[in-house]
Amino acid sequence: MASVEIRNIQKNFGPVSVIQGVSFDIEDGEFVTLVGPSGCGKSTLLRMIAGLENISGGELRIGPRVVNDVPPKERDIAMVFQNYALYPHMTVADNMGFSLKLKGASKAEIKQRVDRAADILGLTKLLDRFPRQLSGGQRQRVAMGRAIVRDPQVFLFDEPLSNLDAKLRVAMRTEIKALHQRLKTTTIYVTHDQIEAMTMADKIVVMHDGVVEQIGAPLELYDRPANLFVAGFIGSPA
Ligand code: ADP
Ligand code: MG
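Be aware that the sequence shown starts at 1, since it is given in the UniProt record's numbering, and climbs by one per residue.
Here it is as structure tokens:
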């Protein structure tokens, strides 16, 4: 686990500024949701934290270390994407162990880590199946398993439930929270769904057009929104 400090982070794509000086802290073990309308810069910010996108300005710290120029592989972060593309020709176990294999881990270590993650996620009986033999929720669990096996300091989720139907989304967010209770891994969870953001977070960061509008505990935002944007966004149905 590690804390994350985001200090005046900026991002330009050519002449276009899409993130204009965003700052907030995530404490060690905290579950932060990053919420805002489509196009406000959530994925870009997450990709910068993961090291998949370079940082145009500002400073990013993970634990004690400034990581602006640290390559993704050395950041000890695992990201779960919206489109959790599993390798169709690989079993669940192989999908989950693949990143460890790339890192050169031994077969025994891969098996041990995959078995542990499978146990945590209730996937033990499905390890020999192929993705096409799984339900949407099971595939999402495998995608989380791929992240867990790496035992990262920080989890990044980018709208991981948006491809699931409403009922499954509710079930999965309970599961993700239970997972966090168990592992206590520092988590940044991006969503455009206000209900998801409110129910899952220790702390919410509300973004709009590349800036942070407000940061606070869910009830704080609900009771004392900083401005009309936050009031409208938090108050409106998903
Ligand atoms: P969100 O995840 O909140 O929907 P994004 O971070 O994906 O928003 O995008 C923020 C803005 O940056 C959008 O206007 C988007 O079009 C722009 N953007 C994202 N990636 C690129 C890119 N690679 N090149 C140019 N513009 C981009
Ligand atoms: Mg996005």
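For glycine and all other residues, C-beta sits at the position ideal for the given N, C-alpha and C.
Collapsing the DSSP output to three states places Gln112 in a helix. With fewer than 16 other Cβ atoms from the protein chains shown falling within 10 Å of its own Cβ, Asn8 counts as exposed. Taking one beta carbon from each stretch, the region 115 to 122 and the region 155 to 169 have fewer than 3 pairs nearer than 8 angstroms; the two do not touch.
In the three-state reduction of the DSSP assignment, Ile26 falls in the strand class.
Within the same chain, and ignoring the five residues on either side of Pro88 in sequence, the residues whose Cβ sits closer than 6 angstroms to its Cβ are Pro131.
Here Gly216 carries a strand assignment [DSSP, helix/strand/coil]. Secondary structure note for Ile77: its beta strand (DSSP E) is the uninterrupted segment 77 to 80. For Gly21, the closest C-alpha among the options Glu59, Gly14, Val32, Phe13 is that of Glu59. Bounds of any alpha helix (DSSP H) do not take in Met90, whose DSSP letter is neither H nor E.
Here DSSP, grouped into helix, strand and coil, assigns Arg129 to coil.
Shortest Cα-Cα distance from Arg65 to any of Gly57, Asp76, Pro160 involves Asp76.
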